[in-house]
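Enquirer: Oh and the sequence shown: position 48 is 47 in numbering that gives the first Met the number 0, straight run, nothing missing. I have a structure here, written as structure tokens, and I will follow up with some questions on it.
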Amino acid sequence: MQKNFKPHPNSFKNTFCAFSEVLPDAIQGLKKQFESKAGSTYYYTEEGMYRVSNHWGRLANSKWRLIARNPDPEASGESKTKIGFAKWEEFYPDNAEEKLYYIKADLENNLANYEHKNNPEYDGKAILRTSFETAKRLKQIRNLQQLTNWAKHFDYEDIDELRKEIINELIFTEKTLEQIKREV
0 MQKNFKPHPN SFKNTFCAFS EVLPDAIQGL KKQFESKAGS TYYYTEEGMY
50 RVSNHWGRLA NSKWRLIARN PDPEASGESK TKIGFAKWEE FYPDNAEEKL
100 YYIKADLENN LANYEHKNNP EYDGKAILRT SFETAKRLKQ IRNLQQLTNW
150 AKHFDYEDID ELRKEIINEL IFTEKTLEQI KREV
């Protein structure tokens, strides 16, 4: 039988957390301990929290993201409801004033996302920014990754190399996009 573990109700306010998607059998036998007005359900254990939800991202006063498992190409009609798990120590403080976030890009797969400075993977090289500054840079990076019309003003041989150069400058320097484009 599951021991009833319940965190303080305010322990999730103003937090950032990246949950890892898990399969439904992970919560089998666990007791649902909370259901939000939006329909998300929560299961608490001594190790961490399971969240079952069909919406992830900005939640009231927190930023909770789901890191999806690799999708199964054989699976059809997968549910939008996903189960995520996060350890208690993976909930990091969030606020609008402090420089808490950095951007991590996967240039091979044309992906980029923001991460918290308390993430053990942070190596101190990417510039830390506020959540607003990070969101603005992230939008610029995603536009560079997904669009090509911006490149018509450049003399280049390989658009992927050009992208990589500009994106790295956006991540690792304080230069504006305009400054970077002038220098390239």
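Glycine residues also receive a C-beta, built at the ideal position from the N, C-alpha and C atoms.
Using the beta-carbon count (16 or more within 10 Å), is Pro72 buried or exposed?
Expert: Bear in mind that the predicted position of Pro72 carries a pLDDT of just 49, short of 50, making it too unreliable to give a figure here.
Enquirer: Considering only residues of the same chain and omitting the five flanking positions on each side of Gly83, which have a CB-CB separation below 6 Å?
Expert: Result list for Gly83: Phe18, Glu20, Arg50 and Leu65, in chain order.
Enquirer: May I have the straight-line CA-CA distance separating Asn9 from Glu177, to the nearest angstrom?
Expert: Between Asn9 and Glu177, the C-alpha separation is close to 42 Å.
Enquirer: Measuring alpha carbon to alpha carbon, tell me which of Gln139, Ala67 and Ala59 ends up nearest Thr80.
Expert: It is Ala67.
Enquirer: Which term fits Glu89, buried or exposed, when burial requires 16 or more other beta carbons within 10 angstroms of its beta carbon?
Expert: Glu89 is buried by the Cβ-count criterion.
Enquirer: Kindly provide the ranges of any beta strand (DSSP E) runs that are 3 or more residues long and lie completely inside the region 108-146, ordered along the chain.
Expert: Listed in chain order, they are 110-115.
Enquirer: Inspect the beta-carbon positions of Phe169 and Gln144 and report whether they are closer than 9 Å.
Expert: Here the sequence assigns Leu to residue 169, which means Phe is not the residue at that position. No.
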